[in-house]
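With the sequence shown counted from 1, adding 21 to any position gets you the working numbering.
A virtual CB, placed ideally from N, CA and C, is assigned to each residue, including glycine.
Step one of this worksheet: look at the structure below.
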Amino acid sequence: MQQARLFLALDLDEHVLDGLCAASARLKQTIPDANWCRRDALHMTLRFFGEMPLASVAEIDRIARAAAARQQPFELEARGVGAFPSLDRPRVIWAGAGAGSETVSAFATALLGQFELAGLGREERGFVPHVTLARVKRMPRDGCDAWRAMAAGMEDRSFGTTPVDRIVLYSSELTPRGPVYAAVNTWMLGEQ
């Protein structure tokens, strides 16, 4: 049975990508050894499915199409910098959401519930709107204070607002130079 590594995401416009890349360049000075995401890999994940049988794409399509039709387009602001699990022990460095975060959270939570009901897996963690900027394997001892100070300085920074008018199902192929994403399907918001 053929499989693909899949995730459902929101794309970001060029203005927001510019802001996120500028922030990443500054943050990279404090944690140079982190795996920083390339510009073409920046997005907001609604649901990461992982390795799925290709036969599952039809069920994902059914759910995503219906959810997209019910959701009107909206604006989403990329705002602030943070880390999972915490600023003191960053493993994932992210940009959060400002205006529009309630809308995207409600939309994603509804989608997650529908995917779970359809047997497509349960998301153990609740949805937190964010754009992954980097993954950290090891925090340098001398970089922790500088990282926290720089992240705190960006805690409330706006990176711009992006119009959200579609959701995209991507496949992800892992390569030595990082993941390569390819759009599998796109659904426009508010279209029946």
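Neighbour-count burial assignment, residue i, 16 or more Cβ in a 10 Å radius
i      : result
PRO106 : exposed
THR51  : buried
ARG100 : buried
MET209 : exposed
HIS36  : exposed
THR183 : buried
ARG68  : buried
GLN92  : buried
LEU97  : buried
GLY214 : Because the chain spans 22 through 213 in this model, residue 214 falls outside it and cannot be assessed.
PRO197 : exposed
ALA55  : buried
ALA25  : buried
PRO53  : exposed
GLY103 : buried
ALA170 : exposed
GLY121 : buried
Residues that DSSP places opposite residue i in a beta bridge
i      : result
LEU27  : GLY71, SER192
ALA201 : Per the sequence shown, residue 201 should be read as Val rather than Ala. Beta-bridge pairing links VAL201 to GLU194.
GLY3   : Past the boundaries of the shown model lies residue 3; the chain is included only from 22 to 213, so the question cannot be answered.
VAL152 : ALA116
ARG187 : MET209
First and last residue of the uninterrupted beta strand (DSSP E) at residue i
i      : result
MET171 : Premise fails: MET171 lies in the alpha helix (DSSP H), 165-174, not in any beta strand (DSSP E).
ARG162 : Segment: none, ARG162 is in no beta strand (DSSP E) and carries neither H nor E.
Any chance you could list the alpha helix (DSSP H) runs of at least 4 consecutive residues sitting entirely within the segment 42-124, in chain order? 78-91
Specify whether the segment 25-32 and the segment 185-197 touch according to this definition: at least 3 beta carbon pairs, one from each stretch, less than 8 angstroms apart. yes
I'd like to know if the segment 147-157 and the segment 113-120 are in contact, where contact means that at least 3 CB-CB pairs between them fall below 8 angstroms. yes
Indicate whether the contact test is met: 3 or more Cβ pairs, each with one atom in the segment 70-78 and one in the segment 36-52, closer than 8 angstroms. no
On the three-pair Cβ rule with 8 angstroms, is the segment 80-93 touching the segment 122-132? yes
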